[in-house]
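Here's the structure we're looking at; comments come further down.
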DNA sequence: CCACACATGTTATTCTATTGCAGTACTCGC
DNA sequence: GCGAGTACTGCAATAGAATAACATGTGTGG
């Protein structure tokens, strides 16, 4: 039985300040254990990502960072993101060109993402069944897997509920 | 039993001219059946993609198209790609910002891609087991699936064989 | 033939990301 | 503490990916 949910969808009872704090503490701890430097810029970028708790664009981060750090430029952000990606502290969502905090940096994993089209919420799964099925299917083609990008678009539970309760949105085409 | 392989890896016996011709004929036939116009530009872009038989970048296509069509500009390519994507004649590989021909435009599908890191070859699968497992896992989160992006990076059979035969490449980092 | 829809031309702009080089700041060994 | 080396940041420019907005052309049906 795989423990599939790394980052669930935010519930209404979600205490966001606490959630950010936990993520930051985990990052600090992990970096010091690994002997790498979570510098002020890197820390701030990670925090900005967690505060939003949804996929964030690099240039949005840049705008926010500039408010407190005049010298920030694209490389500033991309370097920070590269570091955070390398340390497993954030994931990149390919289909959105955006970045989200990783709910479980302490064991390396690829992640499978559920992305809500209506509210942009993202949940992260880390499901062995999925990985193994894909690896098995790939193996039938003689293919050796190194990396998987799995991004599932659809409607999250909260938005499904809204739809049912009459507040149905036009299905854009 | 799903019929998983839409486009297999190119074998050495692969007759590429014939493969391109088949794809083009299928596209012509499909477009006329659907009453949409496979104009010269669209046809040419599709053909350029199939000739390469690997993921192609939009601006590479643009450079090639410009050689024979001076007026070509970014919108020229992106409009053609939009059309081809919409008709299911090509797929976009999110993790590469690149486009590949679809091996089976005649039934709509999402596709799962095996991408070789060494030679850039791509195989397309369309596997129900995978889709259904993902839909099932998503459902346990109360999530309704509309679309799946599945891109698997690794090493294709031909490159695995090369590796075994001593021509092993340095694992970059 | 005209009107309309569709397709393409053209120019500019936005968004995403990287390169290269210069300067600064930690940190390790002395 | 001090110098050397590495890692980090500043800065300017540019590459790469995609779209906007509006003009012009083309093809088909009434």
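Chains as they are written, first to last, in the working numbering: chain W, 186 to 358; chain U, 186 to 358. Built from N, CA and C at the ideal position, the CB exists for glycine as well. Bear in mind the structure is a predicted one, so any value in this text is a computation, not a measurement.
Are any of the Cβ atoms in chain U nearer than 8 Å to that of residue 197 of chain W? Residue 197 of chain W does not count as touching chain U.
Report the neighbours of residue 337 of chain W on chain U: residues whose CB is nearer than 8 Å to its CB, in chain order. Residues of chain U with a Cβ closer than 8 Å to the Cβ of residue 337 of chain W are, in chain order, 319, 323, 328, 330, 332, 333 and 334.
Cutting at 6 Å between CB atoms, please list the residues of its own chain near residue 334 of chain U, excluding the five before and the five after it. If we look at residue 334 of chain U and ignore the five residues flanking it on each side, its Cβ neighbours are 279.
Across the region 247–258 of chain W and the region 236–251 of chain U, are there enough close Cβ pairs to call them in contact, namely three or more that are closer than 8 Å? In short, these stretches do not touch, since the Cβ pair count stays below three.
Would you call the CB atoms of residue 233 of chain W and residue 209 of chain W closer than 8 Å? Taking 8 Å as the Cβ cut-off, residue 233 of chain W and residue 209 of chain W do not qualify as a contacting pair.
Less than 7 Å between C-beta atoms, sequence neighbours within five positions excluded: which residues of the same chain meet that for residue 205 of chain U? Excluding residues up to 5 positions away in sequence, 232, 235 and 236 lie with their Cβ nearer than 7 Å to the Cβ of residue 205 of chain U in the same chain.
Would you mind sorting residue 288 of chain W into buried or exposed? The rule is 16 or more other CB atoms within 10 Å of its CB. Residue 288 of chain W is buried by the Cβ-count criterion.
Within chain U, the residues that residue 163 of chain W reaches when beta carbons sit closer than 9 Å: This structure gives no information on residue 163 of chain W, because the portion of chain W shown stretches from 186 to 358.
Note down, in chain order, all residues in the region 190–222 of chain W with a beta-carbon under 9 Å from any beta-carbon belonging to chain U. In summary, the residues of the region 190–222 of chain W whose CB is separated from some CB of chain U by less than 9 Å are 190, 193 and 194, in the order they occur in the chain.
Please name the residue, chosen from U:228, U:238, U:201 and U:266, that lies closest to residue 214 of chain U on a Cα-to-Cα basis. Selected option, being the one with the closest Cα: U:228.
Does the count of Cβ pairs from the region 324–343 of chain U and the region 323–340 of chain W closer than 8 Å reach three? In this structure the region 324–343 of chain U touches the region 323–340 of chain W; the number of beta carbon pairs closer than 8 Å is three or more.
contact_flag[the region 308–322 of chain W, the region 264–272 of chain W] where n(CB pairs < 8 Å) is 3 or more: No: the two stretches stay apart, fewer than three of their Cβ pairs being nearer than 8 Å.
Residue 287 of chain W by DSSP, collapsed to three states: which one? Residue 287 of chain W: coil per DSSP, three-state reduction.
Taking 7 Å as the limit between beta carbons, can you name the residues of its chain near residue 294 of chain W, skipping five residues before and five after? Leaving aside the five residues that flank residue 294 of chain W on each side, the residues in its chain whose CB is nearer than 7 Å to its CB run, in chain order, 311.
Can you give the Cα-Cα distance for residue 242 of chain W and residue 339 of chain W, rounded to whole angstroms? Residue 242 of chain W and residue 339 of chain W have their C-alpha atoms some 20 Å from each other.
Taking all protein chains shown into account, do 16 or more other C-beta atoms lie within 10 angstroms of the C-beta of residue 259 of chain W, making it buried, or fewer, making it exposed? Residue 259 of chain W comes out exposed.
Pull up the distance between the alpha-carbon of residue 270 of chain W and that of residue 290 of chain W, whole angstroms please. Those two C-alpha atoms are separated by around 10 Å.
Considering residue 345 of chain W, what are the terminal residues of the alpha helix (DSSP H) in which it resides? The continuous alpha helix (DSSP H) containing residue 345 of chain W extends over residues 342–349.
What residues from chain U crowd round residue 315 of chain W, counting only those whose CB sits closer than 9 Å? Here the neighbours are 315, 318, 319 and 322.
Kindly indicate which three-state DSSP category residue 309 of chain U falls into: helix, strand or coil? Strand.
Burial state of residue 192 of chain W (16 or more Cβ within 10 Å): Residue burial annotation: residue 192 of chain W is buried, with at least 16 other C-beta atoms found within 10 angstroms of its C-beta.
Hey, how far is the Cα of residue 309 of chain W from the Cα of residue 254 of chain U? Rounded to the nearest angstrom, the two C-alpha atoms are 46 Å apart.
Give the secondary structure of residue 204 of chain W by DSSP, where H, G and I count as helix, E and B as strand, and everything else as coil. Three-state result, residue 204 of chain W: helix.
Local Cβ density within 10 Å of residue 201 of chain U, reported as buried at 16 or more and exposed below that: Exposed, since its Cβ has fewer than 16 Cβ neighbours within 10 Å.
Taking only beta-carbon atoms, is residue 308 of chain U less than 8 Å away from chain W? By this cut-off, residue 308 of chain U is an interface position.
Going by beta carbon distance, what residues of the same chain come within less than 6 Å of residue 330 of chain U, once the five residues before and after it are set aside? Around residue 330 of chain U: 320 and 323.
For residue 249 of chain W, the first and last residue of its enclosing alpha helix (DSSP H): Where residue 249 of chain W is concerned, the enclosing alpha helix (DSSP H) stretches over 243–253.
Chain-ordered neighbours of residue 299 of chain U on chain W, where CB pairs are closer than 7 Å: The contacting residues are 323, 326 and 328.
Between residue 285 of chain W and chain U, is any beta-carbon pair separated by less than 8 Å? Chain U, which has no Cβ nearer than 8 Å to the Cβ of residue 285 of chain W, makes this no.
Contact defined as beta carbons within less than 8 Å: I believe residue 281 of chain W pairs with residue 240 of chain W. What is the distance between those atoms, to the nearest angstrom? The C-beta separation of residue 281 of chain W from residue 240 of chain W comes to about 5 Å, placing the pair in contact by the 8 Å criterion.
Could you list which residues in chain U have their beta carbon closer than 7 Å to that of residue 275 of chain W, in chain order? Contact note: residue 275 of chain W does not reach chain U at a C-beta cutoff of 7 Å; the least C-beta distance is about 16 Å.
In this structure, what does DSSP give as the bridge partners for residue 221 of chain W? DSSP lists no partner for residue 221 of chain W.
Collapsed DSSP secondary structure at residue 356 of chain U in the structure displayed: Since pLDDT at residue 356 of chain U reaches only 36, below the 50 mark, its modelled position is unreliable, and no value is offered.
Kindly indicate the opening and closing residues of the beta strand (DSSP E) around residue 270 of chain W. For residue 270 of chain W, there is no enclosing beta strand (DSSP E); the residue is part of the alpha helix (DSSP H) that begins and ends at 259–271.
Rounding to the nearest angstrom, what Cα-Cα distance links residue 197 of chain W and residue 344 of chain W in this structure? Distance from the CA of residue 197 of chain W to the CA of residue 344 of chain W, rounded to the nearest whole angstrom, comes to 13 Å.
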